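Here's the structure we're looking at; comments come further down.
Below, the structure written as structure tokens:
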């Protein structure tokens, strides 16, 4: 019972933090650029930044587990996003709104799955996590080349500064 409550608390905390951070100045365009230019999952970029604040260090092994366990939800969200963008392009406003709502629900489920995957690694006492280290490991697991990883990390570095300013 306590474990489920703790899990729900962390899932809600991550979702709430993500919503606030996403709306901060300059964050949305940076996240979408990472998604569209480097095929990075916005939810995992947010997870990397949030877990650093929570004192959870994520290495390549943990990232592979999180990504593997969230694959189905991630693919569903990608499909909804593609359909939503098509609806927008075709001027189908009602369909667009419906798909946007479904996509957001899918994003939340993906985030919940990611936090659930992390639960076994949650420290009793928060660790001191090097800034941007979780994001660096995530990008390195996803990049097609070292050069691409460096470019994506350079783009993402602005997000770390915004997190520090906001302390959301």
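Numbering (UniProt numbering), first residue to last: 1 to 168.
In this text, a Cβ means the ideal position worked out from N, Cα and C, and glycines have one as well.
Predicted model, so just to flag it, every value in this text is computed and none were measured.
Is residue i buried or exposed, if buried means 16 or more other CB atoms sit within 10 Å of its CB?
| i | result |
| --- | --- |
| residue 60 | exposed |
| residue 99 | buried |
| residue 145 | exposed |
| residue 10 | buried |
| residue 147 | exposed |
| residue 161 | exposed |
Look at the alpha carbon of residue i and the alpha carbon of residue j, and state the distance between them as a whole number of angstroms.
| i | j | result |
| --- | --- | --- |
| residue 134 | residue 53 | 11 angstroms |
| residue 119 | residue 90 | 42 angstroms |
| residue 97 | residue 132 | 34 angstroms |
| residue 64 | residue 92 | 37 angstroms |
| residue 104 | residue 86 | 17 angstroms |
| residue 217 | residue 17 | The structure shown has nothing for residue 217, since the chain only spans 1 to 168. |
| residue 40 | residue 166 | 23 angstroms |
Ordered along the chain, which non-local residues of its own chain (more than five positions away) have a Cβ less than 6 angstroms from that of residue i?
| i | result |
| --- | --- |
| residue 48 | 134, 135 and 138 |
| residue 57 | 127 and 129 |
| residue 76 | 106 |
| residue 168 | Any answer about residue 168 is weak, because its pLDDT of 47 lies below 50 and its placement is not dependable; what the coordinates show is given next. Same-chain partners within the cutoff: 17, 20 and 21. |
Looking only at its chain, what residues have a beta carbon closer than 8 angstroms to the beta carbon of residue i, apart from the 5 residues adjacent to it on each side?
| i | result |
| --- | --- |
| residue 159 | 27, 30, 31, 45, 49 and 135 |
| residue 116 | 7, 11 and 69 |
Q: Taking 8 angstroms as the threshold, find out whether the stretch 22-31 comes into contact with the stretch 112-131 through three or more Cβ pairs.
A: Taking 8 angstroms as the limit for Cβ pairs, the verdict is that the stretch 112-131 does not touch the stretch 22-31.
Q) What are the uninterrupted segments assigned as alpha helix (DSSP H) that are 4 or more residues long and contained completely in the stretch 49-86, given in chain order? A) Within the stretch 49-86, complete alpha helix (DSSP H) segments of at least 4 residues are found at 60-69, given in chain order.
Q.
With three or more C-beta pairs closer than 8 angstroms as the rule, is the stretch 149-157 touching the stretch 66-83?
A. The stretch 66-83 is not in contact with the stretch 149-157.
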